[in-house]
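Beneath this line is the structure, given in structure tokens, with notes to follow.
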Amino acid sequence: IREDAIPIRDEVRGAAEILGIDPLYVANEGKLVAFVAEDDAEAVLAALRSHPLGADAAIVGEVRPEPPGLVFMHTAFGGSRVVDMLIGDPLPRIC
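What follows is the structure, given as structure tokens:
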């Protein structure tokens, strides 16, 4: 996953910074993460972007066979880190 490719609205990013939490670990209702064959990715992206609610759709990464079971984030600072599974919830659900 490329951190700088993830579409996060400025107000969400700002609120997360104030609260000291990672926006990737907060409930996001109405969002979609799709794993699509590389040959189909551009067509799927175009279809998503053709709808007003999909205007910010983006390709944010790729699946690689090694190492199995791990997700890596290429950070905006040029580093790399493992994206761990969430344990607990940083914010209580309001809905």
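Throughout the sequence shown, residue numbering follows the working numbering, covering 50 to 144 in sequence.
We put the CB at the ideal spot given by N, CA and C, even for glycine.
Predicted, not measured: the structure shown is a model, and the values here were computed from it.
Taking the alpha-carbon of residue i as reference, which of the options has the nearest alpha-carbon?
i: D53; options: G127, A104, L81; result: G127
i: V112; options: Y74, V120, V93; result: V120
i: G118; options: V132, A106, D105, A107; result: V132
i: N77; options: A86, A96, I57; result: I57
i: L135; options: D59, Y74, I67, E66; result: Y74
Residue i to residue j, Cα distance in whole Å?
i: V109; j: R98; result: 15 Å
i: V61; j: E115; result: 32 Å
i: D34; j: A64; result: In the structure as shown, the chain starts at 50 and stops at 144, and residue 34 therefore has no counterpart that could be examined.
i: D71; j: L81; result: 18 Å
i: G79; j: G69; result: 23 Å
i: S129; j: P101; result: 33 Å
i: E91; j: V85; result: 10 Å
i: V93; j: D59; result: 25 Å
In three-state terms, what does DSSP make of residue i?
i: V131; result: strand
i: R51; result: strand
TODO: Examine the Cβ distances between the region 51-69 and the region 117-132 and report whether three or more of them are shorter than 8 Å.
DONE: yes
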